[in-house]
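Worksheet for the structure shown next.
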Amino acid sequence: MTDAITIAAVRKQFEGSAHPALGGVSFAIRRNEFFTLLGPSGCGKTTLLRMIAGFEEPDEGDILLDGRSVLGLNPNRRPVNTVFQSYALFPHMTVAENIAFGPEMLGLKRAEIRERVARMVALLRLDGMADRKPRELSGGQQQRVALGRALAAAPKVLLLDEPLSALDLKLRKEMQIELKRLQQETGITFVFVTHDQEEALTMSDRIAVMARGEVMQIGAPVDIYEYPANRFVAEFIGDTNLVAATCIARDGAAGRFALAGGAEIVAGDAAAVAPGTEVTLAFRPERVTLGGSLTAVMRHAVYLGTDALLHAGLPDGSVLRARLRAGGVSPPAEGTAVGFGVAPDAVRVFTP
Amino acid sequence: MKSLFRFPGTATVAALGLAFLYLPILALLILSFNENDLITIWTGFSARWYRAVFTNADMLQAARNSLIVAACATLFGTAAATAATLGVARARAAWKAAVEGLLGLPILVPEIVTAVALLLLFVFVGFELGLLTVVIAHTVFCIPFAYYPIRARLAGLDPALSEAAADLYADPARRFLRIELPLLSPGIAAGAMLAFISSLGDFVITYFVAGPGATTLPVYIFGMIRIGITPEVNALSAVMLLASILLITIAFLLGRHSDKQSDKGNG
């Protein structure tokens, strides 16, 4: 089965910009998957989405939809539909007219159009709002109309450009679940652009983490979180301890690393690192435990409800963060030396 | 915020300014109902000059010419301005500034220069002066007047609206008819109104390029005044004023209505 979308060595540099918006990006988006482009602003994710829609053309490279190149095709000739960040609902049309616009432009019969509008109104729980104008709706309702309008045209791929960024937190959480449900019910490939890592982790089948016009890593949420490919991904997704260390010994795949000031950490997967190499070790605060050989001086504890976040000073001056279950255990007193431990399988090794 | 009216004398200056603007017009209106043949001596109320205006065949012909010219120039000028707005919006930044400057220039160029230039052009290419030359000339200066309100309206619209229409399979023609034209219509109405009023009131350019039988109202009034000022001129001016106010009011109400129709709420 061919992939839904293939991005092949796509380069793009905007006029007057010193750096390319996209510097030769290649990957494939599978059919029926919820695929997320995740990265900070300016990383090229929106440019890439606009290229798939046809609003921008790459300088080099190719974009394939269902195995066929769509280069040079105007947006109205591409079987993809977009949910815009601003929703871009037609203000002079009712909800029903907005939803009917795509099917109408496709030249469908009137009965079929009516049927599709009714289906979208039911699917997106817009009952009783079909005759209202967009300005009479709340932000969440406008968002659902934008989704319905794009889905009514029965796209092969639905493109979503930060569609939840204008909603408040509670509504955003609801819409995350709603979007996932829609994607599973319709079976349409979703390409979702966001800078919110939590949103990406919650909804996606796979995530492409982007930075400075390059793809840093592509993988399932659990892979991205547990096995970040490089320092950028480790820092961008979730909370991470990053410590400078030197490899002092190797034992099979495992390696022993010394921190400045004397402490040692063992990493389970250090096969690519020769003794003597300077590296950065990355491990999540929730993988740090109390009791171990990594000695640090307690600075302060932050109570987070279910967890407590401990900050402790390592001998080299950097801060170690440990996230522990808060229930029952009181955190060590400030100024005391505490032994921490990190499971070897929780430690990632980045060079340099 | 401190109100402007707290400064001493602001209200007085404002009142004097308004008086300066509107007293002459008020005097014209009052004197148009003067019964006397001499406009400066009030002898009693009468509508005789209005009767005279509406039974004057030459005057009615001039009014008809004015309306034909204004309608044609507004139609062509507004259409061209709408096309220019959409074209400029899609142009590259460097072109945009140049084209916008050129479009606005006719407003800044002294009218007499445009008038002489157009006359020379028509003579040079051997175009016989008549109503058609007036229509062409008026279209030229109507374009910038129509352009700016339309551009202001477009600037207030989300560019993603056109993209959304394209994304939903609308070709350029249907994008224009179904999305861009309806959303721009308040700006187009305002632009058309400005163009119409400018055309209706234009004297200098018309005087130069109008051929025989192409006399418009302002040119006709100028001719009447040369013979001697009668209250008939006052009555005619009052009728033109009334027509202009009526048009502006209609355009304003239309614009406000469609603004309410199309503006997105914040809810």
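If you read the protein sequences in the order shown, they are chains G and Z.
In short: position in the first sequence from 1, add 129, done, that's our numbering.
In short: position in the second sequence from 1, add 735, done, that's our numbering.
We treat Cβ as the ideally placed atom computed from N, Cα and C, and that holds for glycine.
C-beta atoms of residue 408 (chain G) and residue 417 (chain G) nearer than 8 Å: No, the Cβ-Cβ distance between residue 408 (chain G) and residue 417 (chain G) is not below 8 Å.
Neighbouring residues, chain Z, relative to residue 235 (chain G) (Cβ below 8 Å): For residue 235 (chain G), the neighbours in chain Z by C-beta distance under 8 Å run, in chain order, 904.
Start-end ranges of the beta strand (DSSP E) lying completely within the region 259-315 of chain G, minimum 3 residues: DSSP runs (the beta strand (DSSP E)) wholly in the region 259-315 of chain G: 286-290.
Tell me the start and end of each unbroken alpha helix (DSSP H) in the region 783-850 of chain Z that is at least 4 residues and wholly inside, in chain order. The region 783-850 of chain Z is shown to contain whole alpha helix (DSSP H) runs of 4 or more residues at 783-790, 792-825, 828-843, in chain order.
Same chain, Cβ closer than 6 Å to residue 207 (chain G), five either side skipped, listed in chain order: Same-chain partners within the cutoff: 183, 199.
What did DSSP end up calling residue 376 (chain G) once you bin it into helix, strand or coil? In the structure shown, residue 376 (chain G) sits in a strand (DSSP, three-state: E or B).
According to a CB-to-CB cut-off of less than 7 Å, which residues of the region 171-189 of chain G neighbour chain Z? Residues of the region 171-189 of chain G with a Cβ closer than 7 Å to any Cβ of chain Z, in chain order: 182, 184.
What residues of chain Z sit near residue 370 (chain G), judged by a beta carbon separation below 7 Å? Per Cβ cutoff of 7 Å: no residues; residue 370 (chain G) is ~41 Å from chain Z at best.
Cβ contact check for the region 179-197 of chain G and the region 339-356 of chain G: 3 or more pairs under 8 Å: Contact check between the region 179-197 of chain G and the region 339-356 of chain G: fewer than three CB pairs, one atom from each, fall below 8 Å, which does not count as touching.
So which residues of chain G does residue 825 (chain Z) contact, with C-beta pairs closer than 7 Å? For residue 825 (chain Z), none of the residues of chain G pass the 7 Å Cβ criterion, the least Cβ distance being about 12 Å.
Express the C-alpha separation of residue 746 (chain Z) and residue 752 (chain Z) in angstroms, rounding to a whole number. Residue 752 (chain Z) and residue 746 (chain Z) have their alpha carbons spaced roughly 10 Å apart.
Are three or more beta carbon pairs between the region 209-223 of chain G and the region 247-255 of chain G nearer than 8 Å? With a cut-off of 8 Å, the region 247-255 of chain G and the region 209-223 of chain G do not count as touching, because too few Cβ pairs lie within range.
Entirely within the region 401-478 of chain G and at least 3 residues each: give me those beta strand (DSSP E) ranges in chain order. Those beta strand (DSSP E) runs which fall completely within the region 401-478 of chain G and span 3+ residues are 407-412, 417-432, 436-442, 448-454, 466-471.
Give me the residue from G:131, G:314, G:404, G:361 with the minimum Cα distance to residue 169 (chain G). When only C-alpha atoms are compared, the closest one is G:361.
Along the region 862-896 of chain Z, where does the CB come closer than 7 Å to a CB of chain G? Name the residues. Per Cβ criterion, the list reads 893, 895, 896.
Going by DSSP in three states, residue 157 (chain G) sits in which element: helix, strand or coil? Strand at residue 157 (chain G).
State yes or no: is the beta carbon of residue 988 (chain Z) nearer than 8 Å to at least one beta carbon in chain G? Closer than 8 Å: no.
Roughly how many angstroms separate the alpha carbons of residue 893 (chain Z) and residue 901 (chain Z), rounded to a whole number? Distance between the alpha carbons of residue 893 (chain Z) and residue 901 (chain Z) is about 14 Å.
In this structure, how does DSSP classify residue 880 (chain Z) when only helix, strand and coil are distinguished? In the three-state reduction of the DSSP assignment, residue 880 (chain Z) falls in the helix class, which pools H, G and I.
Rounding to the nearest angstrom, what Cα-Cα distance links residue 741 (chain Z) and residue 754 (chain Z) in this structure? Looking at the two C-alpha atoms, the distance is approximately 21 Å.
Thinking C-beta only, is residue 933 (chain Z) closer than 8 Å to residue 987 (chain Z)? No; because the gap between Cβ atoms is not below 8 Å, this pair is not in contact.
Tell me residue 339 (chain G)'s beta-bridge partners as DSSP assigns them. Per DSSP, G:344.
Taking only the alpha-carbon atoms, compute the straight-line gap between residue 470 (chain G) and residue 302 (chain G) and give it to the nearest angstrom. The alpha-carbon of residue 470 (chain G) is positioned some 35 Å away from that of residue 302 (chain G).
Along chain Z, in chain order, which residues have C-beta atoms closer than 7 Å to that of residue 230 (chain G)? The answer, in chain order, is 903.
Could you tell me whether the Cβ of residue 923 (chain Z) comes closer than 8 Å to any Cβ of chain G? Under the Cβ criterion of 8 Å, residue 923 (chain Z) is not counted among the residues facing chain G.
At a CB distance below 7 Å, what residues from the region 737-770 of chain Z approach chain G? Give them in sequence order. Those would be none; no residue qualifies.
Who are the Cβ neighbours of residue 1002 (chain Z) in its own chain at under 6 Å, not counting the five residues just before and after it? In this prediction, residue 1002 (chain Z) has a pLDDT of 30, which is less than 50 and means its spatial position is unreliable; nothing more can be read from the coordinates.
Use the C-beta contact count for residue 782 (chain Z): other C-beta atoms within 10 angstroms, 16 or more gives buried, fewer gives exposed. Classification of residue 782 (chain Z): exposed, given that the 10 Å Cβ count is below 16.
So which residues on chain Z does residue 469 (chain G) lean against when the C-beta distance must stay under 9 Å? Taking a Cβ-Cβ cut-off of 9 Å, residue 469 (chain G) has no neighbours in chain Z, whose nearest Cβ is about 50 Å from it.
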